[in-house]
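Just below is one structure, and these are the notes that go with it.
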Amino acid sequence: MLSFALTLGASGCSTSLSSGGSGVSDGFLRVQPSSFLGDLSCNENGVQRYVATITNVGAVDRDSGTDAGTERVIVSIEHPSSAPISCNRDANFAFIRPGIPYNVEIDAYDRTDMIPLGTGSRIMVDPLTGETVFPRWVTHCGQLIEVDSGASEPSLALDDPTNGCCAGYGQIVTVRSCEPLQERADDD
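Using numbering that gives the first Met the number 0, read the sequence shown as starting at 0 and increasing by one per residue.
What follows is the structure, given as structure tokens:
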């Protein structure tokens, strides 16, 4: 199998492309803790676990229900979150639609004793008490920015490096455009 790496500077991601008899048509997203830990440590006194949630975001045309015809709207679809992962391991997402921009939200925890509320849930709970466990730190990667172009319809700044990661057919895209973790505000 032939493999090579390609850096996509404009997308805030790096890509590994495999070619050969795999028959894989969807892409893959990889989130590496080194892209968001910043000055925080991955140890018992710092970040211990994190949960990654991906959202695909794009603009679509839909029937406006008026004589005007169609209108352009921004849509987002949140995918199931990763399970709580050790901060020294990557989060990997499969079945990524090629050419669609994805954002990643990171919730980081200073504890290990938590489980998801349900399969794919971003909400963590204490397994003994059932109480919600809130992340200590949060951040985002590849945030899409809606641009006010003065036109009557919204658009996305797709040439901006903060505008998500896109995978191609059979590509493994490593998310790079993350902000460092920040303390979570109490009202989040």
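Cβ atoms here follow ideal geometry from the backbone N, Cα and C, with glycine treated the same way. Since this is a predicted model, take the numbers as computed values, not measurements.
According to DSSP, E130 shares a beta bridge with no other residue.
DSSP, reduced to helix, strand and coil, places S33 within a helical segment of the structure shown.
Your pair S34 and R175 checks out as a contact, with CB atoms roughly 6 Å apart and the cut at 8 Å. If you draw a 10 Å sphere on the C-beta of V72, you find fewer than 16 other C-beta atoms in it, and that means exposed.
About 5 Å separates the beta carbon of G26 from that of Q170, a gap short enough to meet the 8 Å contact definition. Take F94, set aside five residues on each side of it, and the residues of its chain with a beta-carbon closer than 6 Å to its own are D25, in chain order. In its chain, beyond the 5 residues on either side, V50, P115 have a beta carbon closer than 8 Å to the beta carbon of A82. DSSP, reduced to helix, strand and coil, places Q47 outside both helices and strands of the structure shown, so it counts as coil. Beta-carbon to beta-carbon, R96 and V137 are separated by about 25 Å, too far to satisfy the 8 Å threshold. Counting every other CB atom within 10 Å of its CB across the protein chains shown gives V74 a total below 16, marking it as exposed.
Distance from the Cα of Q31 is smallest, within the candidate group T111, V124, N87, for N87. By the criterion of a C-beta distance shorter than 7 Å, D89 is surrounded in its chain by R29, V30, Q31, once the five residues flanking it on both sides are discounted. When rounded, the separation of the alpha-carbon atoms in T128 and D185 is 21 Å.
Annotation: Y108 to D60 spans about 39 Å, alpha carbon to alpha carbon. Assigned with DSSP and collapsed to three states, N55 falls in strand.
Taking a contact as a CB-CB distance under 8 Å, the pair T52 and S80 counts as one, their CB atoms being some 4 Å apart. C177 and D66 have their alpha carbons spaced roughly 42 Å apart. Here N44 is exposed. Its C-beta has fewer than 16 other C-beta atoms within 10 Å.
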